[in-house]
Every structure is written in C-alpha cells, then in structure tokens.
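In the order they appear, the protein sequences are chains A and B.
Just so we're aligned, residue 1 is where the first sequence starts under full-length UniProt numbering, counting upward by one.
Just so we're aligned, residue 1 is where the second sequence starts under full-length UniProt numbering, counting upward by one.
Beta carbons: idealized from backbone N, C-alpha and C, even for Gly.
Below is one structure, written out as structure tokens, with a few remarks after it.
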Amino acid sequence: MDLTFSAAEEAFRADLRSWLAGSVPAAWREPGFWAGVPDGEGFELRREWERRKFDAGFAGIDWPTEYGGRGGTPGMKAIYDEELALARAPGTVNPLGLAFLAPTIMAIGTDEQKREIIRPLLRCDVIWCQGFSEPDAGSDLAALRTSGVADGDDIVVNGQKVWTTNAGHGDRIFTMVRTEPGSQRHRGLSMLLLDMHQDGVEVRPLRQMSGATEFGEVFFTDARVPARECLGGLGNGWSTAMLLLSFERGASGISQYTAFRKSYDEIVRAARALGRDTDPVLRQELGRRMVELECLRYHAMHVLTQVERGADLGAESSMTKLQWSETYQDLFETFDDLLGADAAVSTPVAGLDISALQSEGFWTRSVTIWGGSSQVQRNIVAERVLGLPR
Amino acid sequence: MFFALTDEQRALGETVRAFLSGRFDLTAVRAVFEDTAGDGHPLELWKSVGEQGWLAVCVPEEFDGLGLGLLDAQVVARELGAGAVPGPWLPTVLAGEAVRLAGSDAQRAELLPRLADGDLVATVALRGAGGAWDASGVAVTARPAPGTVTGIAAGSNGFGSEGAGGSDEPSGSGVFGGSGGLVGELSGTASPVEYLGVANLVVVAAIEPGPAGAAPGAGEVGLYLLDPGAAGVAVRPLVGPDGTTRLATLELAGARARRLPGSSAAALADLIRRGALLTAADQAGVAREALTRTVHYDRERIQFGRPVGSFQALKHQLADLHVAVTMAEHAVMYAAHALDAGLDDLELAVAVAKAKASQAARDATAAMIQYHGGIGYTWEHEAHLFYKRARRMYGAFGDPPAHLERVAALTVDSLT
Ligand SMILES: Cc1cc2nc3c(=O)[nH]c(=O)nc-3n(C[C@H](O)[C@H](O)[C@H](O)COP(=O)(O)OP(=O)(O)OC[C@H]3O[C@@H](n4cnc5c(N)ncnc54)[C@H](O)[C@@H]3O)c2cc1C
C-alpha cells in the first residue's frame, strides 16, 4: 500500500490550491449561494469562471496537451477533483461533454472532429448536451425511435429527446438516432453531433422536483446535421455509445467523497443546532452513513490504482456508481430522520437555514436514476460480475 | 497511489487457500465443529500453520518472524474465514502483537520466536462477560505480588513503570519464566476467551490500583503474561453455537503473572483494535465465501423451469451483497494499512472496517441460508458453519453498534 501521491502530483496540488484560493469568490463558498442565483445567471457565472480556469491551465488535467489539456496523470485528475470540491468551486457547466464526448472523440473521432470540437468544449465555449433518452427509451436505450434520413450530404433528424441536461444552455448535442429505417434494437443507430441553434431544434425546459430547470425536452423537426458530423461512423451508434458510456468510470469517487463529506458535516451542524446530535439512534444512523462514505473513499483509491495501471474497470464501475449514489441518497434520508417534524420548514430554529440541504436532498433522489439507474446497475453486477443467468 | 495487494500478498492468499482446500476442507472443519467434547485444535493443522509461517507474519525478522504487517496478516485471516477454519491462529497472532508492542526486549526475545513457529499456543483475555471492549470492560484486577522486588521498589501505584526488576518467577510451569518483568497477582474473570483450553500463554488485561488516594478505578491498565497452568487459575469451558472455535471463562484468584512493561490503557485499546481488524478480515473472508457459494448454487438450481439465479429479486440482493462485501474488503485493507503505518485516522478506519465487515458477514451468511432454500437450513449443509462463525464474530472486539457509536464520536463530536 502506498496512499501518497508523487512529488509532482503534490506540487500540482499546491499550485492549484493557491490558484483556487484567489479565484473562487468567498460568497460562492456559502452553502446556499447557488440556490439564490437564478438558473441562467448562475450558468453564465460558472461558464466565465471555467474559462478563467482554462486560461490558467487548470482544465483537461489528464488530457493530452495537443487538445489544450495539461497532460497530467490520473492522480492529478483525482487531486484536481478533490481540490475543487474542497474549495467549493462550482460544478462544471459542460459535464456531459467533458466526461463523455471528449474522451470518445479522442479515441475514435476523425482528425477534423478532434481539432474542432475538443478545445472549445474544454473552454466551455461550446456547451454539449447528451441526447440519448426518449419518452419510450430510458433504461432501454435500444428502443429509441428518433430517426435520421440521408439527404445529400446531410442527415435529417426527426423525433424527441427528453430529460436532456442543460437543454436550455446547449449549443450542440451528441444524440443517438436510428439512421436505418426499420432497423431493430442495437442495429442501425448512429451518434450524431448536431447543432442545436437551428430552426429544426426546439427546446422546452422541464422543471425538476427540486424546482430547478436543469433539464428539458428537445424536439427535432427536420433538423439537419452534416453526415461527416457522425461520431464513430454511420450505423455504428451502439458501439460508439457503449464506448462513450464506459468513460463514466474514473477517479471521481474521491471528489464525491469530499463533496458528500461536506454535506455530512453540514447535516451534523444542523443536528447540533437542533440539539439532536446526542440522540443515540441518530448517532447510529450517522455512523452508518460515515461507514459507507469512508468505504467510498477507500474504493475510490482502489479505482484510481486500477486506472493508473491502465486496467479496464469494466463492470466494476457499476459497483462504484451504486456505492456513491446509494450512499449519497441514504445520507439525506438520515437528514430527514434527524429533522423529524422540523422538515416542514426551511428555518426550523433561529440561525439555522436548511433550505440548501433540503434541495440537495431532493437532488439525491435523481442520482439513482440517471447514469444507469440502481436497478440497471444491479442487473449489470449480477450478470457480468457474478455471472448470474439472464 | 497504490491501494491494492501486492503480488506477494496475493500469492500468500492463494497459498493459504490452496493448502486449506487440499488439507483442511469443510469436511475436516465439520469434524471439529461436531466434536463438541474435543479441544477444537487439530494438531496436524496447527503444525502446518506454524511451518507455513502464517503465525510469523507480524513477528519481526530478528525474532524469526517474517517481519510483515497486519496488511499481510489480514490476507491470511480472510482465507481462514473463507475456510471457516478452526484453531487458535487469531488469538495467537494477537497475543504476539501484545508481546511485540508492549513487551520488554527480553520478553520479545523469549516469546516471539516460539509464537512465530507455533511452539506456543496463545490467547488473549481482555474483557469480562458482558463488558465493553475497552478498559471499562476489564473484570480482572492486579496488585503487586507480595515479596517481589517489584512490589517493594514500585512507583506510586505499586508497580513502577519499567520492565526491570522482578526477580520472582510466577508460580506454575513457567513457559515464559526466563524473561523477567514485574510480577502481579491477578484476580477476577475474563470471558469468553478463545482457545483457553489449549493455550500455554494468555495475555490478560487487568486494572491496576491507582495512585494512593485516587478514586477507585482510576488505575492504569496492565497487560500480563499468564501461564494458564499457574496456581490460582481456573478454566471453565463454555458451550456455544459456533463449533469452529472453543470458548471458556478464565477465573483468576491471585494468579501470578508477568507484566508487559509497555502496558497502558492505550496499549489495551491498540490491542483491541488489532483484534477487531483481524476479526473483520476473517469476516470479510466468510462473507465473500458465503456469497460465492450462493451464487454458484443459484446459477444451477432450477425452479419454474429456469435457474433461480435468473430471478431479479435474488439478483439484486446478491448484487448489493457483492458491493457490500467488496467495500468490507477494501475497508479491512485500509484499516490494516492504517495500523501498520500509524495513519492519523486509524481509529476511525478500524471502527469502519469492523462495523462494515460484521454486517456484511451476517447479511451474506443469512442470504446463503435463504437463497439455498430448505437445504440451506439443514445441519448437513455448510451454510450454518459460516452463519454461526459470522454471528460469533459479530460481537467479538465490539459489535457494529459499538463501532458505529465510535464513528459518531469521531465524526460528530469532533466536528468544529
Ligand atoms: C436529473 C436527470 C438528468 C438526466 N440527464 C439526461 C441527459 O442529459 N441525457 C439523457 O439522454 N438522459 C438524461 N436523463 C435520463 C436518464 O438517463 C433516464 O431517466 C434513465 O436512463 C432511466 O430511464 P427512464 O427515466 O425512462 O426510466 P425507466 O427506464 O422507465 O425506468 C423506470 C423504473 O424501472 C426500472 N427499470 C428499468 N429497467 C429495468 C430492468 N431491466 N430491471 C429492473 N428495473 C428496471 C428503473 O430502474 C426505474 O426505477 C436524465 C435523468 C435525470 C433524472
């Protein structure tokens, strides 16, 4: 066991930390800050901040320098995620592009795609949406029906996507479309890189149960995309999508731990303000949550070790997803338990405002749905890891 | 960053596993389990355990050990759990840790080589029946043995704090009589103590009198090396459901024993943490084995014309168990490393590992019974061997509620 980072990695941490100290405004670090800023305004603030971050060289940490990245190690990426969480830096405005699209393009994109897409994505000049889910194709992605028909050098797209994160802010969307009419299931699909600023694309915001409008519906009516803006080749959409989704894994567990640990501390402070931190039953529950959080941290170090050695995590990432999402959700059930009747209001006692925690608690209801629901992850673990029959 | 077992550590695990499956499989385990009148200590197995060096893992090389650490020991413990293996490996290793960490040079030189090769069977007696797993649970008291140099030349509590001095031998056969040390007279009980019936060395925790004029109970904690053959020692065997160990009550009435000079309440807490860690490792092994056996069975067992393992109700619970067992394995590895390396969060790490592994072992062995159906409830089936072992270890060195409270104390009360 060696749980330390290299000298170069620690030097990187020091640089980053001092840059963050001067760059994240104090107000942003207040727990409820972002809840008080209107969605659109907050998005632009974050986008601006990310540009500054890019210009300072703190973007694309483990990406090759040819794409505007820093060419760092997986350990540096883990440190980066951790330090951002520690500094209460805002989450990225381009999560789907950064996590999924960019690595897929680096792996299988054309030279032109690599040249034109990655750098603007990293600088958040172009915001990317992921258009996979449809009203009748959620967990069962292969049931999708949005169609793409060749017309000259273009493909003409018709259909609907739903629950599309950042739909209201998106510039482009990587979307799964059935390009072979009459094809079934996994065959005949293509991943298209479509411009959302055109007449054929209509976005309707959807309000989430938390009250935010982070996602929306996207309607395609004769929307056009040049055929060369297909990623991974026409008809290869399924394998492209599988490759793309495989990038979900990685070293993110450490930053999740850091962020959730902050939430745990906030919850403990609320318990204290309410005089419930000495309740033996609640202490058992808090203890249980901390056990799972610590396990997430250890697991994240294990995953990082595998990533550093270039091991293929495969279905193990389903385990990571289950551990972090279920732990995060359970933590906020404990929050509800300790609030008891006080959950009815957002300021249960003078000096204690729990509205930010309450909306975070609502958010946790979503984390076991997106990115492969817990049920789907359990199927994967049971079938691909344990080898139980279908 | 390297959070994983090394190739050597993995190879050690494979060696233990291969040895057990060839030489001490579940048929052999069952024979010991059912032989309730026997001592639960198969000698052939013990000899091999000694020869293979599994007792020597934590013993420094200068004392004929392997000079490794708990991270390596947990590899062995996991395999012993996976095999539901009987025998005093764990208590002997733990007693060795007490000697290594709190013993004098002379005590180490005398005892560690004999603990490392299996010449001595040892155990630990740290807690009275029903007590907590800390100094407050100790139900043995010590006082300076009359007539020893120690008793006279003592410090404020009558014992002094150094290992030099004692000249009298504790009475009895004196397997460890040559190494000197202060002598105390122990009275009280400890229970349940593992493998007391076959041990020739017992590490006993005892409360020592506080400084003159101090409130009762304000004393130090001493760790003593007791010869169970000494005068004033009685061993009362206990009956319990798990036949993969043997348990007894230790009764002491003025029995003489030598003090480990590094004794303190902190040393006792450290020893209990090591016990909790090794127990958690055993449980991680039990849990993994129970899960694996269940998965294998449910892949093959046909009902309603299909393998029962294809039913999603089973799949999802087994998947959750796989996650839980994996987390327990990681937690045990981390805690072992934390103890070896003296990390700041070692206390939290051990509490996390024990709580997680105990729960995982209980859940996985319960699922093993449930997802085997009726056959899993029979005496002939191996499920109950694992279930009963898991159940026994659930409480050893602190049950999950106790460790969760510890976690809360460390993360709730200490938050600023
Ligand atoms: C906050 C949020 C953001 C999102 N962002 C995006 C985005 O940017 N782009 C995008 O394409 N999509 C996005 N989604 C959609 C998300 O991917 C889907 O919601 C998800 O795939 C589940 O599909 P569904 O909603 O149709 O539920 P369904 O698939 O209909 O599932 C309903 C229930 O059935 C369970 N279930 C389904 N299949 C099985 C099975 N085989 N076995 C057992 N149980 C099963 C599910 O777990 C769930 O509990 C987002 C969703 C949320 C909540």
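Bridge partners of Gly371(A) according to DSSP: none are assigned. Contact holds between the region 363-374 of chain A and the region 321-334 of chain A, because three or more Cβ pairs, one in each stretch, are under 8 Å apart. Between Leu55(B) and Ala142(B), the CB-CB gap reaches or exceeds 8 Å. Rounded to whole angstroms, the gap between the alpha carbons of Glu380(B) and Pro86(B) is 18 Å.
Distance from the Cα of Ala382(A) is smallest, within the candidate group Ala341(B), Ala402(B), Leu318(B), for Leu318(B).
Ser263(A) sits close to Glu360(A), with the two beta carbons spaced by under 8 Å. Residue contact with chain B for Ala315(A): absent (no Cβ-Cβ distance below 8 Å to any residue of chain B).
In the displayed model, Asp151(A) falls within a strand according to three-state DSSP. A residue is called buried when at least 16 other Cβ atoms come within 10 angstroms of its Cβ; Lys53(A) meets this threshold and is buried.
For chain A, none of the residues of the region 367-393 of chain B brings a beta carbon within less than 8 Å of one of its beta carbons. In chain order, Met1, Phe2, Phe3, Ala4 make up the part of chain B whose C-beta sits under 7 Å from the C-beta of Thr305(A). Pairing Leu66(B) with Ala408(B), the inter-Cα distance amounts to about 37 Å. Runs of the alpha helix (DSSP H) lying entirely within the region 29-67 of chain A and spanning at least 4 residues, in chain order: 39-55. Note on the region 198-258 of chain A: whole beta strand (DSSP E) runs with a minimum of 3 residues are 201-206, 215-226, in chain order.
Within 7 Å of the C-beta of Gly237(A) there is not a single heavy atom belonging to ligand 1. Glu50(A) and Gln256(A) have their alpha carbons spaced roughly 19 Å apart. With a threshold of 8 Å between beta carbons, Arg288(A) makes contact with chain B.
Within the same chain, and ignoring the five residues on either side of Ser139(A) in sequence, the residues whose Cβ sits closer than 8 Å to its Cβ are Gly372, Ser373, Gln375, Val376.
With respect to Trp34(A), Pro74(A) sits apart: the two C-beta atoms are not nearer than 8 Å.
Inclusion of Phe215(A) in the 7 Å shell around ligand 1 follows from its C-beta lying nearer than that to a non-hydrogen atom of the ligand.
With its beta carbon at least 8 Å from every one in chain B, Gly32(A) lies outside the interface. Boundaries of the beta strand (DSSP E) harbouring Ile173(A): 172-178, taken from the DSSP string. With contacts defined as CB atoms closer than 8 Å, Met196(A) and Asp171(A) qualify as a contacting pair.
In the DSSP assignment, Ile207(B) falls within the beta strand (DSSP E) that extends over 201-207. Spanning the alpha carbons of Arg258(B) and Gly222(B) requires a straight line of approximately 10 Å.
Secondary structure note for Thr245(B): it is in no beta strand (DSSP E), with a DSSP letter that is neither H nor E. Here Ala269(B) really is in contact with Asp134(B); their C-beta atoms are around 6 Å apart, less than 8 Å. Taking a Cβ-Cβ cut-off of 8 Å, Gly310(A) has no neighbours in chain B, whose nearest Cβ is about 14 Å from it. The beta carbon of Gly13(B) sits no closer than 8 Å to any beta carbon of chain A. Annotation: the continuous alpha helix (DSSP H) that includes Trp89(B) extends over 89-102. DSSP, read as helix, strand or coil, puts Val157(A) in strand. It is roughly 9 Å from the alpha-carbon of Pro60(B) to the alpha-carbon of Gly69(B). Val124(B) has Val203(B) as its beta-bridge partners, per DSSP. Put simply, the backbone Cα of Val157(A) is about 22 Å away from that of Thr110(A). Contacts with chain A (Cβ-Cβ distance below 8 Å) from the region 296-314 of chain B involve Asp298, Arg299, Arg306, Pro307, Gly309, Ser310, Gln312, Leu314, listed in chain order.
Remark: C-beta atoms of Leu186(B) and Leu225(B) do not approach each other more closely than 8 Å.
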